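Protein chains in written order, with our numbering: chain L, 1142 to 1438; chain Y, 162 to 459. The beta carbon of each residue, even a glycine, is placed where N, CA and C say it ideally should be. Note that the structure is a prediction, hence the values are computed from the model and not measured. As structure tokens, the structure follows; a few thoughts come after it.
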Amino acid sequence: MYAKFYKHRWQYLMILPSVVLLFLFSYMPMAGILVAFRDFQIGTSIWSAPWVGLDNFAFLHEPQFWTVVRNTLYISVLKFIFGFPAPILLALLINEVTHSTFKRFVQSVSYLPHFFSWIVVAYMLQSFLTLDGGLVNQLIGKAGGDPVFFLGSTEWFRPIVVGSGLWKETGWNTILYLAAITTIDPQLYEAAKVEGAGKMAQIRHITIPGILPTISIVLILSIPSLINVGMDQIYPLMNSANMEVADVLDTYVLRSGLQQGYFGMSTAVGLLSSVIGLVLVLGTNQLSRKINGEGLW
Amino acid sequence: MKKNSAEKVAYGFIVALLALLCLSVVYPFLYMLAISLNDGADAARGGVYIWPRSFTTINYEIVLGNEVIRHSYLITIGRTVLGTVLGLFVTLLAAYGLSYRKLPLRSTILAYVLITMLFNGGLVPLYIQLNNLHLLDTFWVFIFPSLFSAWNMFVMLKFIQGIPEALIESAELDGAGPLRTLLQIVMPLSKPMLAALGLFTAVGHWNDWFSGAFYVTSQSLIPVQTFLQQLLSASDLSTVLGSNSNQEALARSAEMQNITLMSIKMAVVMVSALPILCVYPFLQKYFVKGVLIGSVKG
């Protein structure tokens, strides 16, 4: 037994740093969830703080919490409804381009925004939409309209989030679909042409069925992220004027925990969303097993 | 290929649509570039769309002359290089060690890794742990917590298992230890995968503003993106430039009158985005491959 382990001592030595890192930065914080049930202050130990039972879950009675839950679902569902079909559509369009230089150009340009941070995108939005000198408001002014305070309005927040999300990630998300399209047998198209099928018929009967497995995998994989709307995108766009619709679970945890110091309460909120996330992942895996005959792991 | 006229119209429509799409990506950068190269007070009057009307480099002189910005660049470059190289190496070591199918406890260790992908303690417990480890407000908080990536590890593991086993076995028969096999056989064969994952890791470090905003408090540790994030909602120039860190530029007060917060902001954001725009064309072939490698499973 010992000899078997000794024989692989180098392998264990290689794995060791990662095991330690995971212990420190993943498993210890999991133990830190105890804070959700204790009266913890920074500077004390999570092991010695007094137990408070479910007191930290009092936020469940607060209307503000439910507003946050509603905002989170609202944004994630909207992002899904627009964000899921968009790359499929774009991939179908790009696939129709026969001019290969132009095709490559479109692909390179559409992947580009993925590589910029949401902060840079927020600046872009600001330069176009801000009240003092933003391009859009300048144009509205020229057309004789009244300037619109896009970045500080509750009506415009969701369209801005969904629109900028589409702008940033649609091109990037086409990569998988474009790759799937290239694996379709060209002979199928030839045969269809002989039978007199037009372009639309070819797309409907060959291309779309050909990428259907990819579509279903992407669909399945996107379910767990429904609870995760992307703090990276929301936080830079959030301000006191649009807070009412912009506050989501992630920003709520951030504000109440790191900024206001309600560690117990915000850990409890975090725990709740982690558990929902876990349930979604496990459920998705079951679903995938049923549909694809194979789970994600 | 023969096309009837209806198809020609449809094709033209598609090309136009895609061209418009490209424009929507390229134009914002052109616009921000034009504003940043234009006299601020003049730009505020409106009418600058693509080309600067009253050309000046003063915005960039101020931005590049600002010590806070220069320092934040150093922090960003430092964490990007160190975080990417160390992160790839630590993760590769684990993936290579776990690629031995006969390793005792292998599936236990794999489960240990997998669990962390499914469930986490959340933001506050992580913050408390970083505090307990005395990592808060140090440079290392940018490096250590993200050193091991479970996702990258599984991609690497999959990739290494695709290397013919005979190759590795023969190296070991020739007396190479596991470390030597890794460095001389596995790593050279993994170059495309390492390039792709390295690129994604590096972009992640370059674009991360969160840890700079919440895990450090010293101004001297702030990365570029965090600086940008703080500047985003700034309402006057002194927030950007600091009180007197910019003596030289301030001395040219006549010119300063024509500088607006917006023109400075655009210059800062261009400066932070430029490195990505510059390396992008060279890295393109790697990232498509990277996405496809990463999506083999799932």
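Spatial distance of residue i from residue j (CA atoms)
i	j	result
residue 405 of chain Y	residue 225 of chain Y	Residue confidence is low: residue 405 of chain Y scores 49 on pLDDT, short of 50, so the model does not pin down where it sits. Its coordinate-derived value is still stated next. If I take the Cα positions, the gap works out to 15 Å.
residue 442 of chain Y	residue 1313 of chain L	15 Å
residue 1277 of chain L	residue 1269 of chain L	6 Å
residue 301 of chain Y	residue 262 of chain Y	34 Å
residue 392 of chain Y	residue 426 of chain Y	8 Å
residue 253 of chain Y	residue 274 of chain Y	14 Å
residue 1166 of chain L	residue 290 of chain Y	7 Å
residue 268 of chain Y	residue 1153 of chain L	13 Å
residue 422 of chain Y	residue 1370 of chain L	31 Å
residue 459 of chain Y	residue 1206 of chain L	A caution first: residue 459 of chain Y carries a pLDDT of 37, below 50, which makes its placement in the model unreliable, though a value can still be read off. Computed Cα separation, rounded: 34 Å.
residue 293 of chain Y	residue 287 of chain Y	10 Å
residue 1265 of chain L	residue 1191 of chain L	48 Å
residue 350 of chain Y	residue 324 of chain Y	8 Å
residue 372 of chain Y	residue 439 of chain Y	25 Å
residue 1149 of chain L	residue 1163 of chain L	21 Å
residue 243 of chain Y	residue 368 of chain Y	15 Å
residue 1386 of chain L	residue 1212 of chain L	6 Å
residue 1220 of chain L	residue 1214 of chain L	10 Å
residue 1398 of chain L	residue 1411 of chain L	10 Å
residue 449 of chain Y	residue 1316 of chain L	7 Å
residue 1326 of chain L	residue 270 of chain Y	41 Å
residue 206 of chain Y	residue 1283 of chain L	12 Å
residue 1364 of chain L	residue 1421 of chain L	7 Å
residue 1431 of chain L	residue 1352 of chain L	19 Å
Cβ pair residue i, residue j closer than 8 Å
i	j	result
residue 1175 of chain L	residue 1187 of chain L	yes
residue 1415 of chain L	residue 280 of chain Y	yes
residue 296 of chain Y	residue 1394 of chain L	no
residue 1382 of chain L	residue 1294 of chain L	yes
residue 428 of chain Y	residue 234 of chain Y	no
residue 431 of chain Y	residue 260 of chain Y	no
residue 186 of chain Y	residue 1233 of chain L	no
residue 1306 of chain L	residue 1224 of chain L	yes
residue 466 of chain Y	residue 309 of chain Y	Look at the range of chain Y in this structure, 162 to 459, and you will see that residue 466 of chain Y is not part of it.
residue 183 of chain Y	residue 1193 of chain L	no
residue 1424 of chain L	residue 1368 of chain L	no
residue 298 of chain Y	residue 241 of chain Y	no
residue 314 of chain Y	residue 256 of chain Y	yes
residue 1408 of chain L	residue 1172 of chain L	no
residue 455 of chain Y	residue 316 of chain Y	yes
residue 1390 of chain L	residue 1210 of chain L	yes
Listed by chain order, chain L residues near residue i by CB distance under 7 Å
i	result
residue 169 of chain Y	Those do not exist, as residue 169 of chain Y stays about 11 Å from chain L at its closest Cβ, beyond 7 Å.
residue 375 of chain Y	1399
residue 217 of chain Y	Result: empty, since nearest Cβ-Cβ is about 17 Å, beyond 7 Å.
residue 309 of chain Y	1159, 1162, 1163
residue 434 of chain Y	1257, 1261
residue 178 of chain Y	1234
residue 328 of chain Y	Simply none; closest approach about 17 Å.
residue 370 of chain Y	1258, 1260
Chain-ordered neighbours of residue i on chain Y, where CB pairs are closer than 7 Å
i	result
residue 1263 of chain L	393
residue 1254 of chain L	186
residue 1187 of chain L	289
residue 1169 of chain L	290
residue 1145 of chain L	265
Residues that residue i contacts on chain Y, provided the C-beta gap is smaller than 9 Å
i	result
residue 1268 of chain L	189, 192, 193, 196, 423, 426, 427, 430
residue 1380 of chain L	394
Assumed close pair residue i, residue j - CB separation to whole angstroms, cut-off 8 Å
i	j	result
residue 365 of chain Y	residue 249 of chain Y	Contact flag wrong, Cβ pair sits at about 12 Å.
residue 1259 of chain L	residue 1373 of chain L	5 Å
residue 1227 of chain L	residue 1311 of chain L	5 Å
residue 1229 of chain L	residue 1330 of chain L	Not confirmed; about 19 Å, so no contact.
residue 238 of chain Y	residue 383 of chain Y	Rounded, the Cβ-Cβ distance is 13 Å, inconsistent with contact.
residue 199 of chain Y	residue 213 of chain Y	4 Å
residue 179 of chain Y	residue 1238 of chain L	7 Å
Where residue i meets chain L, residues with beta-carbon distance less than 9 Å
i	result
residue 205 of chain Y	1273, 1274
residue 452 of chain Y	1313, 1316, 1317, 1320
Under 8 Å by beta carbon: chain L residues contacting residue i
i	result
residue 288 of chain Y	1398, 1399
beta-carbon residue i near the ligand SAM non-hydrogen atom, thresh 7 Å
i	result
residue 303 of chain Y	Only the bare structure without any ligand can be found here, which leaves the ligand SAM out of the picture.
Proximal chain Y residues relative to residue i, where beta-carbon distance stays under 8 Å
i	result
residue 1237 of chain L	172, 175
residue 1308 of chain L	185, 186
Residues within the stretch 1275-1294 of chain L neighbouring chain Y, beta-carbon criterion of under 7 Å: Result list: 1276, 1279.
Chain L contacts from the stretch 272-284 of chain Y (Cβ-Cβ distance under 9 Å): 273, 274, 275, 276, 277, 278, 279, 280, 281, 282, 283, 284
Interface residues of the stretch 1336-1351 of chain L facing chain Y [CB-CB below 7 Å]: Those residues of the stretch 1336-1351 of chain L that come within reach of chain Y (Cβ to Cβ, closer than 7 Å) are 1340.
Near-chain L residues of the stretch 256-268 of chain Y (beta-carbon distance less than 7 Å), N- to C-terminal order: 257, 258, 259, 261, 264, 265
Chain L contacts from the stretch 335-354 of chain Y (Cβ-Cβ distance under 9 Å): For the stretch 335-354 of chain Y, the set of residues with a beta-carbon nearer than 9 Å to any beta-carbon of chain L comprises 338, 339, 340, 343, in chain order.
Contact set between the stretch 227-254 of chain Y and chain L, restricted to residues whose Cβ is under 8 Å from the partner: 251, 252, 254
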